[in-house]
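>
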Amino acid sequence: METSTATRSTGAHIGRSAAPAVLLVAVAAVCWVITAKRMQGMDMGPGTELGGVGWFAVVWATMMAAMMLPSLAPMGQAYARRSRAAGASSPTGTAIVFAAGYLLTWVGVGVLAYAVVEGVRALDLSWLAWHRGGPYVAGGVILAAAIYELTPAKRMCLRHCREPELLSRRWRAGSSGALRAGVEHGGFCVGSSWALMAALFALGVMNVSWMIVMAAVVAIEKLLPWNGVAIGATVAFIAALGLAVAFAPGQVPGLTIPM
Numbered sequence: 031m032e033t034s035t036a037t038r039s040t041g042a043h044i045g046r047s048a049a050p051a052v053l054l055v056a057v058a059a060v061c062w063v064i065t066a067k068r069m070q071g072m073d074m075g076p077g078t079e080l081g082g083v084g085w086f087a088v089v090w091a092t093m094m095a096a097m098m099l100p101s102l103a104p105m106g107q108a109y110a111r112r113s114r115a116a117g118a119s120s121p122t123g124t125a126i127v128f129a130a131g132y133l134l135t136w137v138g139v140g141v142l143a144y145a146v147v148e149g150v151r152a153l154d155l156s157w158l159a160w161h162r163g164g165p166y167v168a169g170g171v172i173l174a175a176a177i178y179e180l181t182p183a184k185r186m187c188l189r190h191c192r193e194p195e196l197l198s199r200r201w202r203a204g205s206s207g208a209l210r211a212g213v214e215h216g217g218f219c220v221g222s223s224w225a226l227m228a229a230l231f232a233l234g235v236m237n238v239s240w241m242i243v244m245a246a247v248v249a250i251e252k253l254l255p256w257n258g259v260a261i262g263a264t265v266a267f268i269a270a271l272g273l274a275v276a277f278a279p280g281q282v283p284g285l286t287i288p289m
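In this note's numbering, the protein residues as written are 31 to 289.
#1: In this structure, how does DSSP classify G77 when only helix, strand and coil are distinguished?
#2: Expressed to the nearest angstrom, what Euclidean distance is found between the alpha-carbon atoms of Y132 and G216?
#3: With C-beta atoms as the reference, is V213 less than 8 angstroms away from T124?
#4: Look up R114 in the DSSP assignment and say whether it is helix, strand or coil.
#5: With DSSP run on the structure shown, which of helix, strand or coil describes H161?
#6: Exposed or buried, S120, counting other C-beta atoms within 10 Å across all chains shown (16 or more means buried)?
#7: Go to P194, then tell me how far its alpha helix (DSSP H) extends in each direction, as first and last residue.
#8: CB-CB under 6 angstroms to A118, same chain, minus the five flanking residues each way: which ones, in chain order?
#9: Nearest to P288 by alpha carbon, out of R111, A159 and V220?
#10: Kindly confirm or deny that the stretch 87 to 100 and the stretch 182 to 192 touch, where touching means at least three C-beta pairs closer than 8 angstroms.
#11: Ignore the nearest five residues each way along the sequence and tell me which others in C61's own chain have a CB closer than 6 angstroms to its CB.
#12: Contact between the stretch 238 to 257 and the stretch 148 to 162 is defined here as three or more beta-carbon pairs at a separation below 8 angstroms; is this criterion met?
#13: State the Cα-Cα distance for the pair R151 and F231, rounded to the nearest angstrom.
#14: With a floor of 4 residues, list each alpha helix (DSSP H) that falls wholly inside the stretch 175 to 229, ordered by position along the chain.
#15: According to DSSP, simplified to helix, strand and coil, what is A125?
#16: In angstroms, rounded to a whole number, what distance separates the CA positions of D73 and C219?
#17: Can you check which of these residues, G284, Q281 and A228, is closest to V139 by C-alpha distance?
#18: In whole angstroms, what separates the C-alpha of V127 from that of R210?
#19: How would you call G75, buried or exposed, if buried means at least 16 neighbouring beta carbons within 10 angstroms?
#20: Inspect the CB distances between the stretch 194 to 206 and the stretch 99 to 118 and report whether three or more fall short of 8 angstroms.
#21: Might you give, ordered along the chain, the residues of its own chain that have their beta carbon closer than 6 angstroms to the beta carbon of F267, omitting 5 neighbours on each side?
#22: With distances taken from CA atoms, which of M244, V141, V282 and V57 is nearest L80?
#23: Taking 7 angstroms as the limit between beta carbons, can you name the residues of its chain near V167, skipping five residues before and five after?
#24: Just how far apart, CA to CA, sit V52 and A103?
#25: Leaving out five residues before and five after F277 in sequence, what residues of the same chain have Cβ atoms less than 8 angstroms from its Cβ?
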């Protein structure tokens, strides 16, 4: 009887510990379904029209939830564990607020990217047309993302995205504290992945296939135990992709060539 009770208690504890990660992955799965439905027929390749700022912000938030929450799940679980140790009444709830703060940072970045893209579009630069310099500009953006992978800023930000003990140092009590910690953690993850998101814009921000690829790259960098291997593989892949988009865009799988 005592053994059975202890087993049930252990199982319940494991279930509570895993709840934040499971919930974040589930939300991401739902957002992938929504994103895939919304993006049907919208991909026009590099230079895809972004629509109105309000519409884009909602779509971008859904995209970021789909792409980023799976790799955030271990950190959400670590935040809940730290909250439980501090006696929080709802550790899973604080982890969800933490994730909301994280996404809020990415939404801000999306709105900024929207302003940059639409600002450049308003200049009506003819040399950016795909039949002129477009492939080289898109390829150059992707190659720049590969170079950024090798910088100290990338290494520092990725370390904060990977190591739960660094997150524990930023833990704060209450929902407002969780939101602030999420925003701060989002800042580090933006610092780690902003160049990959710029590469996604260069490939076509509404391209679900390339969204999946970039989400996988982000997850590999954050979750693979061998950090050096992950970065090396990412640099090689992104650099090869940039060269292919610049000089042989018709051979890039899943890339929509602009009309």
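All C-beta atoms in this analysis are idealised placements derived from N, C-alpha and C, irrespective of residue type, glycine included.
For this structure:
#1: G77 carries a coil assignment under DSSP once its states are collapsed to helix, strand and coil.
#2: Separation of Y132 and G216 (C-alpha to C-alpha, rounded to the nearest whole angstrom) is 4 angstroms.
#3: Taking 8 angstroms as the Cβ cut-off, V213 and T124 do not qualify as a contacting pair.
#4: Helix at R114.
#5: Correct three-state label for H161: coil.
#6: Flag for S120 reads exposed.
#7: Segment P194 to R199, the alpha helix (DSSP H) holding P194.
#8: Contacts found: T124.
#9: Its Cα nearest to that of P288, the residue A159 stands out among R111, A159 and V220.
#10: Judged by Cβ distances under 8 angstroms, the stretch 87 to 100 makes no contact with the stretch 182 to 192, as fewer than three pairs qualify.
#11: Counting only Cβ-Cβ distances below 6 angstroms, and skipping sequence neighbours, we find T92, A95 and A96.
#12: Contact between the stretch 238 to 257 and the stretch 148 to 162 is absent, because fewer than three Cβ pairs lie under 8 angstroms.
#13: Approximately 13 angstroms between the Cα atoms of the pair.
#14: Whole alpha helix (DSSP H) segments, 4+ residues: 182 to 192 and 194 to 199.
#15: A125: helix per DSSP, three-state reduction.
#16: Straight-line Cα distance between these residues: approximately 26 angstroms.
#17: Nearest C-alpha to V139: A228.
#18: If I take the Cα positions, the gap works out to 9 angstroms.
#19: By the 10 Å Cβ count, G75 comes out buried.
#20: They touch, by the three-pair rule.
#21: Answer for F267: no residue qualifies.
#22: With distances taken between CA atoms, L80 lies nearest to V141 out of M244, V141, V282 and V57.
#23: Short of 7 angstroms from the beta carbon of V167, and not among the five residues preceding or following it, lie these beta carbons of its own chain, in chain order: L158.
#24: Rounded to whole angstroms, V52 to A103 spans 8 angstroms at the Cα level.
#25: Excluding residues within five positions, the ones whose Cβ falls inside 8 angstroms are P165 and G169.
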